[in-house]
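Let me begin by presenting the structure, written as structure tokens, before commenting on it.
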Amino acid sequence: VLVNRADPDAVLDQIETVYRTRYAAFLRVATAIVGDAEQARDAVHDGFVRAVRHRRRFRGESLEGWIWRIVVNAARRSHARERRIPTEVVVPHSGASVPNGDLRALVAALPERQRHALFLRYYADLDYRSIAEALGIRPGTVAAHIHAAQDTLRGQLEEGEQ
Amino acid sequence: VIELRERLERLVPDTPAEGDWERVLADAQRPQLRRLGLVLPLAAAAAAIAVVVLAWPFGGERPTGVLDRALAAIGQGPVLHVVYRGESGHTLVDLSSGELTPLVAESELWYDPKRGVHYISRVGSVTQSDRVIARRLLSAREERAFLALADNYRAALESGKAKVIGPGAVGGRPVLWIRVWSDAVPDVRGGPDHIVAEEVAIDRETSEPVYARITEDGRSKPGNGRAIITLERLSADAADFDAKEASDEPQKDVEGRTEFGKLLAPGEFSGAVGGAAFWLGPSYDGEQLADAREFTVRHKTTRKGLYLFYGELRRDGENLLRALSKPKVVLEEFRELPDFWISGAHASAAKEGSLLVTNARVYEGGKEVAVRTGIVLRDGTYVSIQGADVRTVLDAAAALRPSTVEAAPPSTLDLATIAREVEASEGQVTEVTGPRRSLTAD
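From first to last, the protein sequence lines stand for chains A and B.
Positions in the first sequence are counted from 1; adding 16 to them yields my numbering.
Positions in the second sequence are counted from 1; adding 951 to them yields my numbering.
Structure below.
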């Protein structure tokens, strides 16, 4: 999204456009980070409130990348605050194996950067450059994180299925 | 072949969702009135003090006699020394007599542009944090905040942007209110602008600053102000840079983690805690003890304890989850305090036989999450109690008994009255009045 950064009203309009067109993707990534849909909604809301409030500070090239960064940080903060309230599986269940439960645990065990890069790639369809902007890292590092995460997950899933 | 994308897609399904843009706009226009949260971050402390320093009411058109004396009162040294007290404190409730003791949260810091920051926080007389952070280890944000104290102070004296807006009183002391800055915040729905301002009260006799607050449309929310105990500039020799904990290494972002271990029977509770363990019986207030497990908090230290959940479990597909959206009562117990214990924040101020009702509240998206916490210290075990409100926490504290005891004797205290008194004591300690206002932005 290209915006006239000198005009806060224009930036506000663009933030609204991003919100209305990409809300589901923001919510999906935030849900992946915090593990709870309700908490994720609050994190996305909190992120956009911050974006609107601080829109005069936007100096980047990509407004959407800037917003992604704010929302990801809001979700991380929310997750850290609420870590005492586990939302993952907590009661042992003696039923059949749950493949995606295994995957959830494997994803949760990835380093945070790898995890977030993976979420942004798969759940928001962001390209490496946008992910780099959202996470504040270089595009080359994004590629390395995603490949490492994919290799880890594939390897462990294959191992588990043998 | 592992179809990773497909599996990840199933993990967090892509479902249509619409947000609430109007609510985003409405919340964004509210001023950022930060409350002291679970932990007062250093940068927030710096920002709070920046309010005080920038507020200093020097300017050519105002009564320079007062302002000259004020400048003289804080000295000319290179080190800034500030002590301030939050309005929103904590309350100790004696579980035998019901007596209430308010505990004030106080912060003290020294900032030396050459050495860094020495920051101390206390609740009551108990030190919660005492750290020196070398200047080279301050984050850019913290550094900017502290540098602002040093650099902008004299600029504020010279610019004359601060305005005397009228008389008032703080804790019965006559004061003059100074407007540091004000800003007209547009109403996104097209209504009149909102005036947000930061104000400082100075003692009319000594010209020392005694209070700082943020107002919106001329009103200050209870509990948002800070009483200034000391604001002075010291010589480098007079500054205190001895702390319990010195940060000689860059601060690492150490993530706190909580881990849940195996399910426990009541007979195993004491073993998990490593000493006296407490519970509310097999059921409490209509809720079953639905989950009881080993509980570990890892941060810089690792502490093992006990977690008890009284409430409902809900089914989510193949799994059972704790229904935390409707929190009932949760207990967490440790013999040694974890250094990262959110629900047990300020536990070091707890006293044997008392309940410490903390002001720690959780805010999400600008709204308060309905969880209150209290800490009981009993027979050397710290028990954090989480419930929906003060009454729930107080009732649970009174009903707490050793895990070997099935039924609790009824409390002899009037818990409803005590809970109301605790709530009434929260929010505003200092009586603050004035000034009469004209609501215009600078």
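Note that beta-carbon positions come from the ideal geometry of N, C-alpha and C, so glycine has one too.
Could you tell me if D29 of chain A is buried or exposed, where buried requires 16 or more neighbouring beta carbons within 10 angstroms of its beta carbon?
-> The residue is exposed, with fewer than 16 neighbouring Cβ atoms inside 10 Å.
Under the assumption that V50 of chain A contacts A56 of chain A (Cβ atoms under 8 Å), give the Cβ distance between them as a whole number of angstroms.
-> Correct: roughly 5 Å between the Cβ atoms.
Please confirm if the region 1174 to 1183 of chain B is in contact with the region 1032 to 1041 of chain B, defined as three or more CB-CB distances below 8 Å between the two stretches.
-> Counting Cβ pairs under 8 Å, three or more are found: they touch.
Flag this pair as yes or no: are the beta carbons of T1368 of chain B and A1227 of chain B separated by less than 8 Å?
-> Not a contact, by the Cβ cut-off of 8 Å.
Beta-carbon neighbours of L169 of chain A, restricted to chain B and to distances below 7 Å | Near L169 of chain A (Cβ distances below 7 Å), the residues of chain B are L955.
Going by beta carbon distance, what residues of the same chain come within less than 6 Å of A165 of chain A, once the five residues before and after it are set aside?
-> Annotation for A165 of chain A: L126, Q130, L134 place their beta carbon closer than 6 Å to its own, counting only its chain and skipping 5 residues before and after.
Determine, using beta carbons only, whether D1340 of chain B comes closer than 8 Å to chain A.
-> So no, D1340 of chain B is outside the interface.
Under 7 Å between beta-carbons, which chain B residues line up against Q166 of chain A? List them in chain order, please.
-> What Q166 of chain A touches in chain B: L955.
Could you give the DSSP three-state label for V1231 of chain B: helix, strand or coil?
-> The sequence given here places Leu at residue 1231 of chain B; Val does not occur at that position. Coil at L1231 of chain B, not helix or strand.
Candidates B:V1121, B:L1366, B:S1305, B:A979: closest to E1159 of chain B by CA position | Nearest of B:V1121, B:L1366, B:S1305, B:A979 to E1159 of chain B, Cα basis: B:V1121.
Just confirm the distance between the C-beta atoms of T1042 of chain B and V1373 of chain B, as a whole number of angstroms; I'd bet it's less than 8 Å.
-> Yes, T1042 of chain B and V1373 of chain B are in contact; Cβ-Cβ is about 5 Å, under 8 Å.
In terms of residues, what are the limits of the beta strand (DSSP E) holding S1376 of chain B?
-> Where S1376 of chain B is concerned, there is no enclosing beta strand (DSSP E), although the alpha helix (DSSP H) it sits in stretches over 1366 to 1376.
Establish whether the CB of A994 of chain B and some CB of chain A are separated by less than 8 Å.
-> Caution applies to A994 of chain B, whose pLDDT of 43 falls short of 50 and renders its modelled position unreliable; the value that the coordinates give is listed next. False, the Cβ-Cβ gap to chain A never drops below 8 Å.
With 7 Å as the limit, tell me which residues of the region 135 to 155 of chain A have their beta carbon closer than that to any beta carbon of chain B; keep them in chain order.
-> Of all residues in the region 135 to 155 of chain A, Y138, Y139 have a Cβ within less than 7 Å of some Cβ in chain B.
Proximal residues, the region 119 to 131 of chain A versus chain B, C-beta separation under 9 Å | For the region 119 to 131 of chain A, which is checked against every Cβ of chain B, the residues closer than 9 Å are L119, R120, V123, E128.
Within 7 Å of chain A by C-beta, residues of the region 1284 to 1295 of chain B in sequence order | Here the close residues are I1293, S1294.
What in chain B is Cβ-close to F64 of chain A, meaning under 7 Å?
-> Chain B residues near F64 of chain A: V975.
Indicate the three-state DSSP secondary structure (helix, strand or coil) for E104 of chain A in the structure shown.
-> Confidence at E104 of chain A is low in this model, with a pLDDT of 30, below 50, so its placement is unreliable and the value that follows should be read with caution. E104 of chain A: coil per DSSP, three-state reduction.
Taking the alpha-carbon positions, what's the E1183 of chain B to Q1027 of chain B distance?
-> So the alpha carbons of these two residues sit roughly 8 Å apart.
Candidates B:A1359, B:D1340, B:T1355: closest to A1349 of chain B by CA position = Nearest option by C-alpha distance: B:A1359.
Straight-line gap, V88 of chain A to G1119 of chain B (C-alpha atoms, nearest Å) = Straight across, the Cα-Cα distance linking V88 of chain A with G1119 of chain B is about 44 Å.
Chain B beta carbons: is any one of them nearer than 8 Å to that of A48 of chain A?
-> Yes, its Cβ sits closer than 8 Å to a Cβ of chain B.
Would you give the residue range spanned by the alpha helix (DSSP H) that G1209 of chain B belongs to?
-> For the sequence presented, residue 1209 of chain B should be read as Thr rather than Gly. Segment 1208 to 1214 is the beta strand (DSSP E) holding T1209 of chain B; no alpha helix (DSSP H) there.
In chain B, what lies closer than 7 Å to V68 of chain A by C-beta?
-> Residues of chain B passing the Cβ test: V975, L976, A979.
Best match in A:Y144, A:L151, A:E149 for proximity to H163 of chain A [C-alpha to C-alpha] | Among A:Y144, A:L151, A:E149, the Cα nearest to that of H163 of chain A is on A:Y144.
Run down chain A in chain order and give the residues with a C-beta less than 7 Å from the C-beta of P1395 of chain B.
-> Residue 1395 of chain B is absent from the structure shown; chain B starts at 952 and stops at 1393.
Between which two residues does the beta strand (DSSP E) harbouring R1073 of chain B extend?
-> Unbroken beta strand (DSSP E) run through R1073 of chain B: 1067 to 1074.
Between the C-alpha atoms of E957 of chain B and A977 of chain B, what's the straight-line distance to the nearest angstrom?
-> Straight across, the Cα-Cα distance linking E957 of chain B with A977 of chain B is about 38 Å.
Identify the continuous beta strand (DSSP E) that holds R1387 of chain B and give its terminal residues.
-> Run containing R1387 of chain B: none; DSSP gives neither H nor E here.
Answer with yes or no whether the minimum CB distance from L43 of chain A to chain B is below 8 Å.
-> Yes, L43 of chain A counts as interfacial toward chain B.
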